[in-house]
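Per this note's numbering, the sequence shown starts with residue 7, numbered consecutively. Notes follow the structure.
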Amino acid sequence: MANAIRWSGYFGDIDLGLSWFRGTGHSPRLLPQADGTLKPDYSRITQAGLDIQYLRGDTALKAEIIRRKGQYDRLGTARSYRAGVFGVEHNLYDITGDGRDLVLLAEYARDSRKGLSHSGFQNDLTLGARWVWNDVEDTQVLGLLTRDLDNAAQTMTVSIDRRLTDELTFEASARLVERYERDPNSTALSKDSAVIASVTYSF
């Protein structure tokens with residue numbers, strides 16, 4: 007059984023949300039079994055959260071902060087911790103003189119457990135930009151660089167979305183990972199660089 011409550015509101019240019027949750031967590035530890043398999047074991051957690059956004063002209067400042075009790079860390083020990091994501095977005099409108107906008111992005115993630123974090127985002131910085139064409143095809147190009155400031159593992163991603171017709175949408179992305187072998191949470195993904203393209207039909 008889980009219990010949750012959330013409140014949201016605003017004060018002028020500030021949007022604010024408060025949340026509380028008690029129930030089963032979604033990140034298990036894996037317990038070895040006699041037959042050689044791994045059995046997921048989910049802990050009971052209690053979490054309090056705060057999310058806030060402040061709009062100032064063409065700039066948005068955002069933050070999400072949680073305090074969680076009972077979550078298994080990377081080594082399978084249940085512990086309490088604090089974590090937060092802090093970001094900023096700045097819009098440059100009509101930057102090329104033909105109606106296209108550029109959105110600059112920056113985000114920092116911090117986890118008080120540091121190297122014991124189960125998520126891997128214990129001290130990570132993301133920088134990026136979104137190029138919005140504002141055309142009838144709804145074309146957007148997004149570029150992101152995420153870097154772990156502790157071990158220099160990083161991910162570079164470029165993606166494009168464009169509507170071809172009323173029914174067809176084209177999506178493509180390229181992802182390059184570097185030095186993932188230095189991050190205990192990402193070692194298994196160290197060869198996961200990829201290029202993916204798809205066409206989606208909607209009716």
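Glycine included, each C-beta is placed from N, C-alpha and C at the ideal position.
Minimum Cα-Cα distance from Thr-65 among the listed residues Gln-39, Ala-40, Val-94 corresponds to Val-94. Following the DSSP letters along the chain, one finds Phe-127 in no beta strand (DSSP E), marked with neither H nor E.
DSSP, read as helix, strand or coil, puts Gly-31 in coil. Boundaries cannot be given for Ile-101, as no beta strand (DSSP E) includes it and DSSP labels it neither H nor E. With a minimum length of 3 residues, the unbroken runs of beta strand (DSSP E) contained wholly in the region 142-173 fall at 146-154, 160-169. By the neighbour-count definition (other C-beta atoms within 10 Å, threshold 16), Ala-159 is a buried residue. For Asp-167, the CB contacts under 6 Å within the same chain, skipping 5 residues up- and downstream, are Gln-146, Glu-177 in chain order.
The beta carbons of Asp-79 and Leu-122 sit closer together than 8 Å. DSSP places Leu-44 inside the beta strand (DSSP E), whose first and last residues are 44-47. Between Asn-9 and Ile-71, the alpha-carbon positions lie close to 19 Å from each other.
Per the DSSP secondary-structure output, Gly-18 pairs with nothing in a beta bridge.
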